[in-house]
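Remarks on the structure that follows.
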Amino acid sequence: MALTESNEFTIGKKAPDFSLINTVNNKMLSLTAAKGEKGTVLMFICNHCPFVIHVNTELIKMANEYRAKGIHFIAISSNEVTNYPQDGPKFMKQVAQDLKYPFPYLFDETQEVAKVYAAACTPDFYVFDAALKAVYHGQLDASRPGNGKPVTGKDIRNALDHLLESKAGIENQKPSVGCGIKWR
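Numbering (this note's numbering), first residue to last: 1462 to 1645.
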């Protein structure tokens, strides 16, 4: 599996709005409608990536924990599905239901949303404040499949706690690492 790092996304940049199909209920959902009162975590993930599979349990745990604090999580899959059918909407819905995702799982069929966010890998994480301005773009934590480090969500948790406590942003933001998005 080839490692791909996340691209730069300028801190302070406003999150581009979008409207995508939520594969769980087949309804369109916009960023504006799904955002949290105090902040939003946007995640580019997919079904088959070993890096995403490695962190899924922590993503669910964090989303449940921080939802009560006014932070909403949104997952998007932008992989092309001709060569990766397991990442298509039918299978996205099944994964979301099987794992009991507490967040919408949106399908970016045209890959336009991934492009405007300069998303590069799965998983790729973005944290936005209440006004949808970027405060963090980087790794979940230092754990990777096979490196023996526990999955804790330390880096995202730190960014979210700083946001909730109105502290300055995180200085040293390490890029996320994972499988490259499967482009057309």
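Cβ atoms here follow ideal geometry from the backbone N, Cα and C, with glycine treated the same way.
- With at least 16 other beta carbons inside 10 angstroms of its own, Asn1483 counts as buried.
- Sixteen is the threshold: since fewer than 16 other Cβ atoms of the shown chains lie within 10 Å of the Cβ of Gln1558, the residue is exposed.
- A straight-line Cα-Cα distance of about 8 Å links Glu1469 and His1598.
- Taking all protein chains in view, the Cβ of Asp1602 is crowded by 16 or more other Cβ atoms within 10 Å, so the residue is classified as buried.
- If one requires a minimum length of 4 residues, the alpha helix (DSSP H) runs lying completely within the stretch 1532-1609 are 1550-1560, 1573-1577, in chain order.
- Here Asp1585 has Ser1467, Phe1505, Ser1637 as same chain residues with Cβ atoms under 6 Å from its own Cβ, once five neighbours each way along the sequence are excluded.
- Beyond the five residues adjoining it in sequence on each side, Lys1610 comes within less than 7 Å, by CB distance, of Ala1603, Ser1604 in the same chain, given in chain order.
- In the structure shown, Lys1474 falls within a coil segment according to DSSP collapsed to helix, strand and coil.
- In this structure, Pro1563 places its C-beta atom within 8 Å of the C-beta atom of Ala1524.
- Under the three-state reduction of DSSP output, Asn1517 falls in the helix class.
- Rounded to whole angstroms, Lys1474 and Ala1494 show a C-alpha spacing of 19 Å.
- Taking the Cβ atoms as the reference, Val1574 lies roughly 5 Å from Phe1479, within the contact range of under 8 Å.
- Taking the CA atoms as reference points, Ile1642 sits about 22 Å from Met1489.
- Excluding sequence positions up to five before and after Glu1541, its CB lies within less than 6 Å of the CB of Lys1643, Arg1645, all in the same chain and listed in chain order.
- According to DSSP, residue pairing for Lys1488 in a beta bridge involves Asn1483.
- When C-alpha distances from Asp1590 are compared across Gln1572, Val1485, Lys1530, the shortest belongs to Lys1530.
- By the 16-neighbour rule on beta-carbons within 10 angstroms, Glu1519 is buried.
- For Leu1625, the enclosing alpha helix (DSSP H) stretches over residues 1615-1625.
- Here DSSP, grouped into helix, strand and coil, assigns Glu1632 to coil.
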